[in-house]
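Engineer:
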Amino acid sequence: MLILRALALALGLSVALLLGSSFSDAANDGSPGCNCADEGSLWSIESILECQRVSDFLIAVAYFSIPIELLYFVSCSNVPFKWVLLQFIAFIVLCGMTHLLNGWAYVDQSFNLMVSLTVFKILTALVSCATAITLLTLIPLLLKVKVREFMLKKKAWDLGREVGIILKQKEAGLHVRMLTREIRKSLDRHNILFTTLVELSKTLGLQNCAIWMPNDRRTEMNLTHELQGRSSAGTHGSRIPITDPDVAMIKGSDGVKLLSPGSALALGSNGGEGLQEEGAVAAIRMPMLRVSNFKGGTPELIKACYAILVLVLPSGQPRSWTKQELEIIKVSIRMNTN
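Read in order, the letters of the sequence shown are residues -26 to -1, 1 to 312 in mature numbering (1 follows the signal peptide of the UniProt record, and there is no 0).
Given below as structure tokens:
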């Protein structure tokens, strides 16, 4: 904007000076209206010619530096229509040569210099006309390129939006699959646990097998699964505080623990029978089935708290747990909770 304003101001001053000179010459019957012949005057002929000569040399220097910058730009980048830039470079170089020769013509007006100046002016005229015509034919192509660029940007934006939608749908599908898997797990959980109780009872010849799970607030252990059914009168003791010493001991170890006959877990898991013999009741912690945390976007698997599996040997039989039976219990729990 500053360059355009400076050019407009210079053109205005030039037009004003030309009009003023024309009016002054007309008022003086065609004679010059200034004291151009006075030596030492700012507007003397010698001063004006010297200013023109210096200006021509400066213009020539500028014209010769611009093509160098353009050539560097063309060589370092993949610019379309390079031949048009080459035409501009030739036009600028020829303009610089005409100004350079004009500057020399103020001090040396030999025939060879005049011929060279004439030749360069003719070449400059031809190249400038060719460049102007080329630019006229190039403007529609540039406009098409601009429109194509706008369409490509719009298409890229649309593709980005579609990719975002696809990613959201993919993430939603992952959530749905995880949720479906967890629902299926919750539906099969009771069957899995009941099957575990039945198979352990058959294999080990148990009187009863029970599972105790923590409540939602994790303050009590509730009897949730039991192999032997009992009457409503026998449901007393189906809740045990989670602070019970046996509960804390079992949850703190991954091995099988033998319970005393007076243990709350042993009394609550004996199927309504009387007190068992010493060492007849075994218990082991059992990791509850894994659940998924869907909060915060990406599903994350977390391990739930522990339940307790209690196994009771038949009463009235001189029998105790063997190392092989305890190992079977550990392996069964590991296989059914992974």
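All C-beta atoms, glycine included, are put in the ideal place defined by N, C-alpha and C. All figures in this text were calculated on a predicted structure; none of them were measured in a lab.
Is the segment 98 to 112 in contact with the segment 56 to 70, if contact means three or more CB pairs nearer than 8 angstroms?
Structural biologist: Contact between the segment 98 to 112 and the segment 56 to 70 is present, because at least three Cβ pairs lie under 8 angstroms.
Engineer: In the DSSP assignment, find the unbroken alpha helix (DSSP H) run with M187 in it and report its ends.
Structural biologist: Counting along the chain, M187 falls outside any alpha helix (DSSP H), though it belongs to the beta strand (DSSP E) covering 182 to 188.
Engineer: For the beta strand (DSSP E) that contains T198, what are its first and last residues?
Structural biologist: Unbroken beta strand (DSSP E) run through T198: 194 to 200.
Engineer: Along the chain, where does the alpha helix (DSSP H) that runs through V67 open and close?
Structural biologist: Here the alpha helix (DSSP H) through V67 covers 56 to 79.
Engineer: If you follow the beta strand (DSSP E) that P27 is in, where does it begin and where does it stop?
Structural biologist: First, the residue type needs correcting, since residue 27 is Arg and not Pro in the sequence shown. R27 -> not in any beta strand (DSSP E); alpha helix (DSSP H) instead, spanning 19 to 50.
Engineer: When DSSP builds the beta bridges, which residues end up paired with P114?
Structural biologist: In DSSP, P114 forms no bridge with anything.
Engineer: Assess, as a yes-or-no matter, whether the segment 165 to 173 is touched by the segment 183 to 202 under the definition of 3 or more beta carbon pairs within less than 8 angstroms.
Structural biologist: Yes, since at least three Cβ pairs between the segment 183 to 202 and the segment 165 to 173 fall closer than 8 angstroms, the two stretches touch.
Engineer: Given 8 angstroms as the limit, is there contact between the segment 18 to 33 and the segment 71 to 78, that is, 3 or more CB pairs closer than that?
Structural biologist: Yes, the segment 18 to 33 touches the segment 71 to 78.
Engineer: Report the three-state DSSP secondary structure of V89 (helix, strand or coil).
Structural biologist: V89: helix per DSSP, three-state reduction.
Engineer: From I303 to G290, what distance separates their C-alpha atoms?
Structural biologist: Rounded to the nearest angstrom, the two C-alpha atoms are 22 angstroms apart.
Engineer: Would you identify the three-state DSSP class for R135, choosing helix, strand or coil?
Structural biologist: Helix.
Engineer: Put R122 into one of helix, strand or coil per three-state DSSP.
Structural biologist: R122 falls in the helix class under three-state DSSP.
Engineer: What distance in whole Å lies between the Cβ atoms of S243 and A184, which are believed to be in contact at a cut-off of 8 angstroms?
Structural biologist: Going by Cβ atoms, the distance from A184 to S243 rounds to 4 angstroms, so yes, they are a contact pair.
Engineer: DSSP beta-bridge partners for V286?
Structural biologist: Answer by DSSP bridge pairing, in chain order: N182, V255.
Engineer: Using the Cβ count rule (16 or more neighbours within 10 Å means buried), how would you classify F65?
Structural biologist: So F65 counts as buried.
Engineer: Taking 8 angstroms as the threshold (C-beta atoms), are G179 and P288 in contact?
Structural biologist: Result yes, Cβ atoms of P288 and G179 sit closer than 8 angstroms.
Engineer: Whose C-beta lies closer than 6 angstroms to the C-beta of W295 among residues of the same chain, with five residues either side of it excluded?
Structural biologist: Taken in chain order, the residues that qualify are A256.
Engineer: Please work out which residues of its chain come closer than 7 angstroms, Cβ to Cβ, to I113, disregarding the five sequence neighbours upstream and downstream, and give them in chain order.
Structural biologist: Hits under 7 angstroms: none found.
Engineer: Could you compute how far the alpha carbon of P219 sits from the alpha carbon of L300?
Structural biologist: C-alpha separation (whole angstroms): 21 angstroms.
Engineer: Measure the Cβ-Cβ separation of I224 and I282 and say whether it is below 8 angstroms.
Structural biologist: Contact: yes.
Engineer: Given 7 angstroms as the limit, tell me if C279 has its C-beta closer than that to any heavy atom belonging to the ligand NAD.
Structural biologist: With respect to small molecules bound, the structure shown includes none, and the ligand NAD cannot be examined in it.
Engineer: Please work out which residues of its chain come closer than 7 angstroms, Cβ to Cβ, to R192, disregarding the five sequence neighbours upstream and downstream, and give them in chain order.
Structural biologist: Around R192: I216, C279.
Engineer: For the beta strand (DSSP E) that P219 lies in, which residues bound it at each end?
Structural biologist: Segment 219 to 225 is the alpha helix (DSSP H) holding P219; no beta strand (DSSP E) there.
Engineer: Between the C-alpha atoms of L97 and K128, what's the straight-line distance to the nearest angstrom?
Structural biologist: Their Cα atoms are separated by approximately 45 angstroms.
Engineer: Note down the Cα distance separating R163 from L174, rounded to an integer number of angstroms.
Structural biologist: Distance between the alpha carbons of R163 and L174: 16 angstroms.
Engineer: How far does the alpha helix (DSSP H) with G242 in it extend, from its first residue to its last?
Structural biologist: Element bounds for G242: 238 to 242.
Engineer: Under a three-way DSSP split, which group does I107 fall into?
Structural biologist: Helix at I107.
Engineer: I need the straight-line Cα distance from L87 to I19, nearest angstrom please.
Structural biologist: Those two C-alpha atoms are separated by around 22 angstroms.
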